[in-house]
Each structure stands twice: as structure tokens, then as C-alpha cells.
Amino acid sequence: MNPQALMDGLITGSMIGLGAIGVTLTYSILRFANFAHGEFIAWGAYIALAVSSALGYLSGGLLAPIGPFSFGWSLPIAAVVAVALTGGLALLVDALLFGRLRAQRSTVIIMVMASFGAALTLRSLLEFIFTSKPAYYTKALQIALPLGGGLRATPDQMLSLGVAAVLVVAVHLLLTRTAIGRSMRAVSENQQLSGVVGIDVRKVVRIVWLLGAGLACMAGIMAGLLVQIRPHMGLDLLLPLFAAAILGGIGSVPGAMLAGLIVGLAEAFAVQIVGAEWRAAIAFVILVLVLLVRPQGLFGRPE
């Protein structure tokens, strides 16, 4: 078996893991599966592309590659802007749709179906604005560097893995070492009781949307940098995101990332064993097995 599949799986898994963190946080706080979450991945990637292109047009110096990487300073600056704007988009969707449904005490199935509608709307709007033609942050070619053991990776791939690791640690520390993190964990346990003891539940909900959308945006930027940007990129990652969120255990940030790596590695090795046409089925198989064998996931607690 090609050892390079290990590196490919880790890279794919890091993108899945970042997106799965947003899914698991949204579900643990708001108690519904948000199928529009994948669209934040695509919107984040396209927003970063638009901002990066604008910065590059205004200042050619920002397009010069940074060290061994394929991109210039326009992309890191655009990433910061895109994270903020994608978070704003998530808050807008919540204010226009999910917030109103919560105020009406809508059932979970209504929230889920509303998320389907939001996903279709966001995807269609994205395709209308940017067309369905694939786009790229840069078309510069990179040579994969040997890492030992038959593994090779480009500087962009190594950077993506490093950024994903830093983000996971940062989110874990936010949830475990800060006041807002403790509030988020309290709301995930009992939203009504949290409001009674003085926790601002609305503030926690806003932060969850911002955090989840921001991480989805970074996953989209990573996918766009290493592969390509397409309006359906979020849809393609949606099933792996939910598989990773459930496998890791709802509410567990390290679990979501670890499960994302497991899903990514399973997909990569499946391509080597049974062929690329079965890659999309692997996440579904993992999802079904987890629901049958261990519904609470690796780090979750049985209810």
C-alpha cells in the first residue's frame, strides 16, 4: 500500500476535523443538526478568494510568495477578513431564520428542514455570484518534499496541518480555560438552567455561530489552497463532517478533530484498496457503524 495515503488522509482529515468542530458545537448548544454548516466552508473559501484578489489587484507586492509557500500576504490577510465575514453571515442566517424558529419553540425536525433550505439558498446564491467554474488562490506549482518513510508533502500542506493543530488547541483552551468556555459548556448541559443562574444564553449562541463559521471558513480556505474552490465543496464535505462529529462525540473538540483524521485516513486508504469511486461511501459506512456500535462516540457520554 502506498504510504503517501497516510499523508493524504491526514491533510483531508484536518479539513474535516475543523468543520466537524463547528457541527458538534452547534448541535451541543442549539440541539439540532445544521445541514447548512457545509455552506459556510464554501462561502469562507470564496470570500477569501474575493478579498485576496482585490488586495492583489490593489497592491502587487502582496502577491509575491511568502518563503516556500505558493501564496503571498494577500491570502493570510484575506483569511482574517473572511473569518469575520463568514461569522457575520452565520449570525445573519441565525437572525433571519434559526433565531425566529427558536423564538417560536419550533421542533427539531423543523429546524433541520430549515437548515436544508438555508443550505440550498446559500449554495445557489454562491453559484449565481461566482458561477460553478472551479477557482484557485494560486496556480503556482509546488514540489513535494520528502519527509521520510516514503511520505512527501508540499510546504502548503505542512502549513495547513500546523494551522489546523493550532486552531484545535486554541478552541480547546477557549472551552476549558475561559469564562465564556465554561458558559458554553453549561448551556450545552442545560440551557434553561443556565439562563436562571445568570448566563447570557443569547451571547453564547452568537459566539457558537461565530466560532463554528470561523473554523468552517478556515477549512474552506485550506481546501481551496490544496485542491480547488467550488460552490459544492461544502456539500461534498457535509457527510464526512457529520460522521466525524458523531464519531468524536457531540461536544468534544479534540474528539471531532481526532475523528476527522480517522475519517480522512479511512477515505485515503479506501481509495488505495477499493478505488476512488467508493470514497464518498466511507463516511457513510463509518457513520452507520458508530450509530450501531457506540452512538455516544469516542469521547461522548451516553445519555
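In terms of full-length UniProt numbering, the sequence shown opens at residue 1 and continues consecutively.
Virtual Cβ for every residue (Gly too), placed ideally from N, Cα, C.
Is I110 helix, strand or coil by DSSP?
Look at I110 here: in three-state DSSP terms it is helix.
Since I believe A5 is in contact with Q272 (beta carbons under 8 Å), could you give me their beta-carbon distance rounded to a whole number of angstroms?
The beta-carbon distance between Q272 and A5, rounded to whole angstroms, is 5 Å. This is short enough to meet the 8 Å contact definition.
Give the straight-line distance between the Cα atoms of I129 and E39, rounded to the nearest whole angstrom.
C-alpha separation (whole angstroms): 14 Å.
Under the three-state reduction of DSSP, which class applies to I229: helix, strand or coil?
Looking at I229 - three-state DSSP - the assignment turns out to be strand.
Using only CA atoms, which one of R230, V274 and P295 lies nearest to P134?
Closest by alpha carbon: R230.
For a test of the three-state rule: what should DSSP assign to A276, helix, strand or coil?
In the structure shown, A276 sits in a helix (DSSP, three-state: H, G or I).
Given a threshold of 16 other Cβ atoms within 10 Å of its Cβ, counted over all protein chains shown, does P3 qualify as buried or as exposed?
Its Cβ having fewer than 16 others within 10 Å, P3 is exposed.
Measure from the alpha carbon of V81 to the alpha carbon of each residue in A118, I199 and S53, then state which is nearest.
Closest option to V81, Cα to Cα, is S53.
Beta-carbon separation of L239 and A270 under 8 Å?
Against a cut-off of 8 Å, the Cβ pair of A270 and L239 comes out as no contact.
Just the Cα atoms here: how many angstroms apart are residue 376 and F116?
There is no way to answer for residue 376, as the model of the chain reaches only from 1 to 303.
Can you tell me the Cα-Cα spacing of S14 and I21, whole angstroms?
Each residue's alpha carbon lies about 11 Å from the other.
Is any heavy atom in the ligand PLP found nearer than 7 Å to the beta carbon of I180?
Judged by which ligands are present, the structure shown has none, so any question about the ligand PLP falls away.
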